[in-house]
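Counting in the numbering used here, the sequence shown runs from 115 upward without gaps. Worksheet: the structure to be examined is printed underneath.
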Amino acid sequence: MSGRVGTVNIVLASASPRRSELLARAGIVFEVVPSDAHERSAFSGENSRAYALELARLKASAVALERPEATVLAADTVVSVDGIILGKPRDPKDALCMLSLLSGGDHTVLTAVACQNSSRTTDACVSARVFMRSFSTDEAAAYVATAEPMDKAGSYAVQGDGGALVERIVGCHLTVVGLPLCRVMEMLDRPGEPADQREWCPFCAGRTRSF
């Protein structure tokens, strides 16, 4: 389907059902054109914010070449813990290692968003702090066996069964899900409809959410 917000074609450069659901909930009509941009692995010690922004820009640029008439929205989510950047797991063993690293501690989730059209590219990166409860290897293995972690940064989905592993979130809950709506609405610049954090992203403004 093709979509418009005001008079602007919106293309989501992501196959993520979570991001599609969030945009639809915000009242945006859009088209999904997944980016085929290659996502490189992070270097040791690389800045997590810069890395996420680079990948988001890369995804947006790849789709913008196919759809130059559209406003292309792309995002990338990473998890950072003790200076280590965690993306999506390579396999179940990798997912289990990531979850073991996160158990009983806190980490930062960053979602970078890039918005590109024929005249400009804007980007932003929003972060949230996530506190995980302590859980056993057996519990982590049982969760990995559900296959839910396999396409998730950090190997868990806060909006799914992985939410049971989370103790609380400080910051934007939707950033952890994968798309900070308040920032996205600002970037899309809907005519006559100001981006209100309270309307678009009720978990923002430094709120703490407990699970």
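Note that beta-carbon positions come from the ideal geometry of N, C-alpha and C, so glycine has one too. Computed from a predicted model, the values in this text were never measured in an experiment.
Beta carbon of residue i nearer than 8 Å to that of residue j
i    : j    : result
I283 : T185 : no
S217 : A254 : yes
V223 : T251 : no
L200 : G277 : no
V227 : M301 : yes
T235 : A189 : no
F245 : D220 : yes
E180 : V147 : yes
L187 : A127 : yes
S162 : S214 : no
V258 : Q273 : no
T289 : A242 : yes
A327 : P131 : Since the first and last residues shown for the chain are 115 and 325, residue 327 lies out of range.
S155 : K173 : no
V279 : F249 : The sequence given here places Leu at residue 279; Val does not occur at that position. Yes, the pair counts as a contact, with Cβ atoms nearer than the cut-off.
Classification of residue i by the beta-carbon crowding that lies within 10 angstroms, buried from 16 upward
i    : result
A129 : exposed
R133 : buried
A297 : Note on identity: in this sequence residue 297 is Arg, with Ala being the wrong assignment. It is buried - the Cβ of R297 has at least 16 other Cβ atoms within 10 Å.
G285 : buried
E171 : The question names Glu, but residue 171 is Arg in the sequence shown. That one is buried.
V177 : buried
F157 : exposed
H287 : buried
A271 : buried
Anticipated Cβ contact below 8 Å, residue i with residue j, distance rounded
i    : j    : result
K202 : D265 : 6 Å
L293 : L136 : 5 Å
E153 : L169 : 6 Å
Residue i - partner residues in DSSP beta bridges
i    : result
L126 : V146 and L187
Inside the segment 169-239 only - beta strand (DSSP E) runs reaching at least 3 residues: 185-195, 198-200 and 220-230
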